[in-house]
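Below is one structure, written out as structure tokens; the observations come after it.
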Amino acid sequence: MKIVIVGAGDVGTHLSKLLSREHQDCVLIDDIEERLERVAEYDVMTYNASPTSISVLKDAGVSSADLFVGVTTEETTNIAACTIAHHLGAKKTVARIDNYEYLKPQNQKFFQGIGIDSMVYPEVLAAHDIINGLKMSWVRQRWDVHDGALVLLGIKLREGCEILNQPLKDLCGPDDPYHVVAIKRKDETLIPGGLDTLQLNDLAYFMTTKEYIPYIRKIVGKEHYTDVKNVIIMGGGKTAVRAALETPDYMNVKIIEKSAERCEKLNQLLADNDTMVIHGDGRDLGLLEDEGIRNTQAFVALTGNAETNILACMTAKKLGVRKTVAMVENLDYVSMAESLDIGTIINKKTVAASHIYQMMLDADVSNLRSLMLVDSEVAEFVAAEGSRVAKRMVKDLGLPFGVTIGGLVRGGQGMLVNGSSQIQPGDSVMVFCHETKLNQIEKFFKKHTLW
Numbered sequence: 000m001k002i003v004i005v006g007a008g009d010v011g012t013h014l015s016k017l018l019s020r021e022h023q024d025c026v027l028i029d030d031i032e033e034r035l036e037r038v039a040e041y042d043v044m045t046y047n048a049s050p051t052s053i054s055v056l057k058d059a060g061v062s063s064a065d066l067f068v069g070v071t072t073e074e075t076t077n078i079a080a081c082t083i084a085h086h087l088g089a090k091k092t093v094a095r096i097d098n099y100e101y102l103k104p105q106n107q108k109f110f111q112g113i114g115i116d117s118m119v120y121p122e123v124l125a126a127h128d129i130i131n132g133l134k135m136s137w138v139r140q141r142w143d144v145h146d147g148a149l150v151l152l153g154i155k156l157r158e159g160c161e162i163l164n165q166p167l168k169d170l171c172g173p174d175d176p177y178h179v180v181a182i183k184r185k186d187e188t189l190i191p192g193g194l195d196t197l198q199l200n201d202l203a204y205f206m207t208t209k210e211y212i213p214y215i216r217k218i219v220g221k222e223h224y225t226d227v228k229n230v231i232i233m234g235g236g237k238t239a240v241r242a243a244l245e246t247p248d249y250m251n252v253k254i255i256e257k258s259a260e261r262c263e264k265l266n267q268l269l270a271d272n273d274t275m276v277i278h279g280d281g282r283d284l285g286l287l288e289d290e291g292i293r294n295t296q297a298f299v300a301l302t303g304n305a306e307t308n309i310l311a312c313m314t315a316k317k318l319g320v321r322k323t324v325a326m327v328e329n330l331d332y333v334s335m336a337e338s339l340d341i342g343t344i345i346n347k348k349t350v351a352a353s354h355i356y357q358m359m360l361d362a363d364v365s366n367l368r369s370l371m372l373v374d375s376e377v378a379e380f381v382a383a384e385g386s387r388v389a390k391r392m393v394k395d396l397g398l399p400f401g402v403t404i405g406g407l408v409r410g411g412q413g414m415l416v417n418g419s420s421q422i423q424p425g426d427s428v429m430v431f432c433h434e435t436k437l438n439q440i441e442k443f444f445k446k447h448t449l450w
């Protein structure tokens with residue numbers, strides 16, 4: 000598969016890394032040479048040239064591109080590049096944008112008419128993840144499939160968890176309401192087998208159905224966590240705005256922003272919203288005390304500085320805040336942030352790259368999520384008529400090492416999967432992949448006539 004990317008910023012660089020790991024034919028274009036030097040270690044062809052140069056795009060092979068991605072920092076450049084690429088023959092195009100109006104359904108046909116198949120607004124995707132996590136204060140990460148028919152929960156295991164130090168074969172058998180699909184233990188990721196155990200301070204990923212979420216909460220000892228009602232957000236950037244607009248009515252939100260000019264803009268953007276905008280420094284302990292930090296259930300640090308966000312979350316925890324979320328854009332800091340136990344970590348570029356990445360898969364993949372902390376992906380594949388998964392029981396599929404099928408959705412009903420399960424055509428299947436190429440998995444779900 001041939002993929003052409005314009006923009007060697009954070010999203011373009013991370014996407015290039017994913018594609019080079021898959022040994023895809025990838026070309027990266029940017030007009031600043033220093034940015035391209037960051038991908039020197041990847042198997043990616045680079046062009047130091049204008050992303051909207053017709054001659055450059057022709058030379059890069061856009062006419063035979065299966066996917067063209069515009070992820071420069073300039074929205075107009077991305078739109079122009081995608082339009083040119085479409086007319087040069089690119090099969091699919093996706094543009095990074097920063098205007099929410101463009102995402103409205105009534106505008107979709109217009110953008111398709113000028114050659115843009117899909118648009119990605121990283122701040123909107125990140126805000127959705129943040130709010131989704133705040134709705135359940137006791138989880139580190141949450142991923143809903145088909146409106147919660149299946150749910151993936153990342154949970155930090157503390158004292159009080161009643162399922163520690165017991166073989167998983169005794170905890171989550173064929174008739175039990177959850178599967179543990181991955182475990183993060185210090186710096187190691189485990190794809191657990193029946194003899195493995197959950198241990199104190201593990202970050203465990205549970206696949207379950209929505210009716211059993213209260214049961215999971217009980218067995219991991221999180222019933223004493225209070226629901227989030229009061230939220231303080233530090234930093235008033237685009238992600239904060241989208242998060243505030245998406246917050247449920249029962250949550251009270253305060254945004255603390257250092258720039259007086261930005262505060263005025265926030266008041267305009269949130270004029271029809273109950274969010275309170277406060278001019279000040281979110282690291283100021285006196286200000287936090289005045290704004291009721293000790294009666295706040297969630298603190299979200301969204302400044303552009305990873306170190307500031309990490310330290311602010313550590314401070315909030317010391318002041319008694321249960322749920323903390325930090326935006327960490329530098330991937331080198333992610334493992335450090337996790338080791339400091341600061342809470343949920345959000346990275347816009349991995350969220351956006353995952354969204355784009357699913358477009359390159361041939362099988363019917365309607366959702367894909369990268370789990371940074373366990374260096375893995377969770378993908379939602381739809382089983383095609385005549386596909387391999389629809390012809391054999393799960394135990395006989397011969398899935399690669401590091402791959403686990405956690406559950407499926409059939410007719411809107413979520414159900415867990417075991418070795419004796421039989422997947423049917425049309426089922427939406429949740430596949431967990433660790434250190435495994437997704438293009439090795441998709442062949443199991445595509446239509447084949449001979450096996």
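So the sequence shown is numbered by numbering that gives the first Met the number 0: it starts at 0 and just counts up by one.
Glycine included, every Cβ here is placed at the ideal spot set by N, Cα and C.
Quick caveat, the model's predicted, so the values are computed rather than measured.
Closest by C-alpha distance to D42, when choosing among L56, L27, S52 and P50: L27
Span of the alpha helix (DSSP H), counted from its first residue to its last, around V350: K347 to Y356
Test item: CB-CB of K155 and R141 under 7 Å: no
4 or more residues per run - each alpha helix (DSSP H) lying fully within the stretch 195-234: 212-218
Straight-line gap, A242 to S375 (C-alpha atoms, nearest Å): 26 Å
Close beta carbons around V227, own chain, < 8 Å, minus the five adjacent residues each side: L133, K134, S136, M250, Q296, A297 and K322
Simplified DSSP state of C262, which is helix, strand or coil: helix
Where the beta strand (DSSP E) through K253 begins and ends: N251 to E256
First and last residue of the uninterrupted beta strand (DSSP E) at E74: Element bounds for E74: not the beta strand (DSSP E) but the alpha helix (DSSP H), E74 to L87.
Bounding residues of the alpha helix (DSSP H) (the contiguous stretch that carries I309): A305 to K317
Range of the contiguous beta strand (DSSP E) that encloses F67: L66 to G69
Endpoints, beta strand (DSSP E) assigned at N47: M44 to N47
Boundaries of the alpha helix (DSSP H) in which K183 is found, first to last residue: First-last for K183: Y177 to R184, but that is the beta strand (DSSP E), not the alpha helix (DSSP H).
Simplified DSSP assignment, three categories, for E12: It is Thr, not Glu, that sits at residue 12 in the sequence shown. In this structure, T12 counts as helix in the three-state DSSP scheme.
Inter-stretch contact at 8 Å, needing at least 3 Cβ pairs: the stretch 143-152 / the stretch 106-125: no
Neighbourhood of D97 by C-beta, 6 Å cutoff - its chain only, sequence neighbours within 5 removed: E74
A125 vs I345 beta-carbon contact at 7 Å: yes
Segments of 3+ residues assigned as beta strand (DSSP E) that fall wholly inside the stretch 108-186: 117-119, 140-144, 149-155 and 177-184
Touching by the beta-carbon criterion (3+ pairs, under 8 Å), the stretch 178-197 and the stretch 227-241: no
Inter-residue Cα distance where the pair is A89 and D65: 6 Å
K1, buried or exposed, once every other Cβ within 10 Å from all chains shown has been counted against 16: buried
Range of the contiguous beta strand (DSSP E) that encloses I28: D24 to D29
Buried versus exposed, by CB contacts within 10 Å (16 or more), R387: buried
Between the CA atoms of Y224 and I212 - distance to the nearest angstrom: 14 Å
Closest residue to K445 among C432, P424, F431 and E288 (Cα-Cα distance): P424
Chain-order list of residues whose beta-carbon lies under 7 Å from that of A336 (same chain, five-residue window excluded): I309, A325, V327 and I344
G11 to A59 span [Cα, whole Å]: 16 Å
Proximal residues to N417 (C-beta, below 6 Å), its chain only, five neighbours per side dropped: P173
Sub-7 Å separation of L102 and A352 beta-carbons: no
Range of the contiguous alpha helix (DSSP H) that encloses V333: V333 to S338
Residue span of the alpha helix (DSSP H) that contains R241, given as start and end: K237 to E245
Distance between P104 and G235 (C-alpha atoms, nearest Å): 27 Å
Member of T196, D175 and H127 whose CA lies at the smallest distance from the CA of C160: T196
Cutoff 7 Å; reference I130; Cβ partners in own chain excluding five residues on either side: A242, E245 and T246
Strand pairing of Q412, partner residues [DSSP]: R409
Local Cβ density within 10 Å of L284, reported as buried at 16 or more and exposed below that: exposed
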